[in-house]
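Everything in the sequence shown is counted per the working numbering, starting at 472 for the first residue and increasing by one.
C-beta atoms are modelled at their ideal positions from N, C-alpha and C, and glycine is treated no differently.
Let me begin by presenting the structure, written as structure tokens, before commenting on it.
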Amino acid sequence: MESEPSRFGNWKESSVVYRIVALTLAMLAGITLAAGPLGRSSETTARSRYVDTHMHIDGMLRGGGASPTGRGERRRPPRTRRDEMKGRSASYTSATRNDYETAGDNLVSLMDQYGVAFVLIMPPPQNPDQRASYDYRALLPAVKKHPRRLGLVAGGGTLNPLIQGTDFSRVTSDVRKRFKEQAESLVAAGVKGFGELTAFHLCMSETHHYVASAPDHPLFLLLADIAAQHGLPIDMHMEAVTKESPTPPGLLQSCSYNPRTLPATIPAFERLLAHNREAVIVWQHIGWDNTGQMTAKLLRRLLTAHENLYLSLRVEQREQAIGGGPMLNRIVDGSGNIQSEWMKLIVDFSDRVLVGGDEFVGIPGKTPKRPQSFEETWSLLDKLPEPVAAKVGGDNARRIYPLDP
């Protein structure tokens, strides 16, 4: 008796078809997951190379006043895997006063959510007498736990206090020797760059810090030589001030430590850039303008004049300047679209632009509320041409920092 034909047809053929369909669906699912909220499913390979050049983790447990997420209320997305990051209430009892490892876990969770492969973390720039200060060693547990996801940039808690605490006229040979030894110790520790350093850091509240020293300070010039020798970029925080200017009223109201007159930073910054053309300087927080002078026109002139200058973009959630009024010279408009002069700048200098989210990622319920900027900053890449997004998102960073291919 002839057997009844299977409704699935030939078993071998159907099995092959099934496997092809299953594999296709799995691949599509993988691409979708890899793409994350940033979109660009066709850019999975490029996304696997995305690098954020400037982030912080907050593992200093203060208690009280902390938001449920450690970063403040979320505007976008309303609920994500971020709400389920490590550091949940079950682990709070075992947390110590400093828990940078858990903060690092939370940063990696955020990276996974937004498709970022690697992040450089660092201490913020600090003064010699600053309370609650710390150096790169506090971050080592997080970096050692996630060596393929987190890299260390250092100097904000070691080199920066030396620069800020030493007057121009007191940079003796002994001071230079001490500074060089400290910088070389960071190189020996395997850092990926020197930072976060600052030439001009404004104070945003009475609990914040005003930190300032001219960009052509002798120790900055010495660091440029050391950085060039070892092929390590300098990560620089600096407000754009083309000439001495009155401090915006909002900044005076927000913090009494700010000076009434802003010193010019750009002329001395250009002297630093010209001092050693082999030293790569990454100017961070481009797009976060507190003086009203960080224009696309100024940046275009500087990029044209100084081939060792790189810009790292940042977009903050808030649209208001410190003390009130609209934030000037934002990269994006009110709808989140890149403004035309910024788009042209990024495209024209696509080999010299990076991404630096500049957000403090803490531990839910244990660290204070912080301004949000990681998602906003990385959403820029969706609005760039794909070849430009690949360069800005990771290729440029992998070229100038000593990162694995």
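Per DSSP, Leu825 is not a residue of any alpha helix (DSSP H); the beta strand (DSSP E) it occupies stretches across 824-826. Its Cα nearest to that of Tyr521, the residue Leu621 stands out among Thr637, Gly763, Leu621. Around the C-beta of Asn569, fewer than 16 other C-beta atoms lie within 10 Å, and the residue is accordingly described as exposed. For Thr524, the CB contacts under 6 angstroms within the same chain, skipping 5 residues up- and downstream, are Leu591, Ser783, Leu825, Gly827, Ala868 in chain order. Residue range 589-592 is occupied by the beta strand (DSSP E) that includes Val590.
Counting only residues of its own chain and dropping the five nearest sequence neighbours on each side, Thr766 has a CB closer than 6 angstroms to the CB of Asn800. Beta-bridge partners assigned by DSSP to Gly626: Gly666.
For the pair Val753 and Ser821, the CB atoms are not nearer than the 9 angstroms cut-off. In its chain, beyond the 5 residues on either side, Gly530, Pro612, Ala613, Lys616 have a beta carbon closer than 8 angstroms to the beta carbon of Glu572.
For Leu657 and Cys726, the gap between their C-alpha atoms comes out near 33 angstroms. Nearest Cα to Asn747 within the set Pro730, Val712, Ala698: Ala698. Between the alpha carbons of Ala685 and Ala776 lies a distance of about 20 angstroms. In this structure, DSSP gives His688 a state outside helix and strand, which the three-state scheme calls coil.
Ser806 has its alpha-carbon roughly 43 angstroms from the corresponding atom of Leu690. Bridge partners of Tyr781 according to DSSP: Val753. Looking at the DSSP output, Leu733 bridges to Ser716.
Boundaries of the beta strand (DSSP E) around Thr524: 522-528. Cβ-Cβ distances below 6 angstroms link Phe740 to Pro686 in the same chain, with the five nearest sequence neighbours on each side left out; the list follows chain order. The DSSP-derived three-state label of Ala711 is coil.
Straight-line spacing of the CA atoms in Tyr781 and Asp866 works out to 13 angstroms.
Going by beta carbons, Thr732 and Thr718 fall inside the 9 angstroms limit.
In the three-state scheme derived from DSSP, where H, G and I count as helix and E and B as strand, Asp696 is classed as helix. In the three-state reduction of the DSSP assignment, Phe650 falls in the helix class, which pools H, G and I. Per DSSP, the beta bridge partners of Phe671 are Ala683, Met709. Its chain contains Leu633 as the residues whose beta carbon lies nearer than 8 angstroms to that of Arg649, once the 5 sequence neighbours on both sides are disregarded; these appear in chain order. Excluding its 5 nearest sequence neighbours in each direction, Arg771 has C-beta neighbours in its own chain below 8 angstroms: Leu816, Asp819, Phe820, listed in chain order.
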